[in-house]
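All you need for our numbering is the position in the sequence shown, starting with 1, plus 423.
To start, the structure under review is shown below, and the notes come after it.
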Amino acid sequence: MSAPSDPIHEFEDVPKRRGLKLDRVVLLGRTLEEYRRYFDLDLDSLHGCRVLDVASGVSSFTAEASAEGLDCTAADPIYGLENESIRTQCEQDLDEVVRSLHGLDTYKWEFYKNPNHMRGFRERAYRTFLEDRCCRSNRYLASSLPRLPFSDRAFNLTLTSYFLFVYEAQLDWKFHLQSLLEIMRVTSGEARIYPLMTFEGVPSQFLSRLASEPALESLEFTVVPTRFEFLVGSNAYLRIRHRTAG
């Protein structure tokens, strides 16, 4: 593992906390502003690059970043549905999650002042996404990990938020392994994954398997600190690059 930190030992001493318990992957969207904080993104440096948001759901990153002149594509199985079906599911999931957040001690209410303030970001994200998809549906491809319909190294940067690692109870190690390999198959530069904690507020157990998995030997993993923390302990993203020969 390389600097700035080691994903194997980074979170070993973090105590277990009471947290959000989900039995399935919920459909919540994030905004460009949130992505910039999650992944420490510099949009100016991404002009001329192809960017993929995978497992993007109803996030508005692709819509907003494209409006800033970036070349962005989003991939998620939900895009096989009509907009009204997506809206209905999203609103139901959002209601459920916001109700569940009250009283939990696994969240830092700093960037978001309270659950309703956070809800405003989620609503803005999915509404922006739906509006953009109505006009520019070619940006949104119905596809799901661990198989993506893109050619090898088609994208310079791939982003994944609130899917891998955070849902380790629902998505097993085999799924994670296949997904990481597939993400890097379609990525020429680097991938960034956030967060590295589960919804219960503990580090994903899969982080410790990255260095010892033979199938991942050709990849380099680095935990990179961010200045954003909502889910307690989620102040870093995982950067993945192809190892260079020699």
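By construction, the Cβ of each residue, glycine as well, lies at the ideal position given by its N, Cα and C atoms.
Candidates Met620, Ser574, Glu640, of which the one nearest Arg473 by Cα: Of the candidates Met620, Ser574, Glu640, the one whose C-alpha sits nearest the C-alpha of Arg473 is Ser574.
Looking only at DSSP bridge pairs, what is Ser567 linked to? Arg570
Which term fits Thr667, buried or exposed, when burial requires 16 or more other beta carbons within 10 angstroms of its beta carbon? exposed
Tyr617 and Ser584: beta carbons closer than 8 Å? In contact: Tyr617 and Ser584 (Cβ atoms closer than 8 Å).
Same chain, Cβ closer than 8 Å to Arg542, neighbours up to 5 away in sequence not counted: Leu517, Val521
Starting from His599, trace the alpha helix (DSSP H) in both directions and tell me its first and last residue. 596-608
Please name the residue in Thr529, Leu464, Phe552, Phe578 whose C-alpha comes closest to that of Ser624. It should be noted that the sequence gives Gly, not Ser, for residue 624. The shortest Cα separation from Gly624 among Thr529, Leu464, Phe552, Phe578 belongs to Thr529.
Beta-carbon proximity check, Leu619 vs Ser627, cutoff 8 Å: yes
For Glu643, which three-state DSSP category applies? strand
Taking only three categories from DSSP, how would you classify Gly612? strand
Counting along the chain, where does the beta strand (DSSP E) carrying Cys375 start and finish? Any property of residue 375 remains undetermined from this structure, which presents the chain solely from 424 to 669.
Short of 6 Å in beta carbon distance, which residues of its chain neighbour Ser567, apart from the five on each side in sequence? Order them along the chain. Pro500
Looking at C-alpha atoms only, which residue of Thr485, Ala498, Phe534 is the closest neighbour of Arg550? Thr485
Name the DSSP bridge partner or partners of Tyr660? Val647
Cutoff 6 Å; reference Arg664; Cβ partners in own chain excluding five residues on either side: Excluding residues within five positions, the ones whose Cβ falls inside 6 Å are Glu613, Glu643.
Under 8 Å Cβ to Cβ from Tyr660, same chain only, skipping five residues before and after it: list those, please. Tyr461, Phe462, Asp463, Arg615, Ile616, Tyr617, Pro618, Leu619, Val646, Val647, Thr649
Between Gly503 and Leu493, what straight-line distance do the alpha-carbon atoms span, to the nearest angstrom? Put simply, the backbone Cα of Gly503 is about 24 Å away from that of Leu493.
Quick one, which of Ala634, Leu580, Gly452, Arg576 has its alpha-carbon nearest Cys513's? Of Ala634, Leu580, Gly452, Arg576, the residue nearest in Cα terms is Gly452.
Buried or exposed for Cys558, going by 16 or more other Cβ atoms inside 10 Å? exposed
DSSP has Phe578 in a bridge; who is on the other side? Looking at the DSSP output, Phe578 bridges to Thr610.
Measure how close the beta-carbons of Ala478 and Phe586 come, nearest whole angstrom, since I'm counting them as under 8 Å. 4 Å
Is it true that the CB of Leu654 sits closer than 8 Å to the CB of Tyr458? no
Counting along the chain, where does the alpha helix (DSSP H) carrying Thr496 start and finish? Run containing Thr496: none in the alpha helix (DSSP H); it sits in the beta strand (DSSP E), 494-498.
Hey, out of Ala488, Phe651, Ala565, whose CA is closest to Leu469's CA? Cα-wise, what sits closest to Leu469 is Ala488.
Alpha carbon to alpha carbon, what distance is there between Lys536 and Leu450? 22 Å
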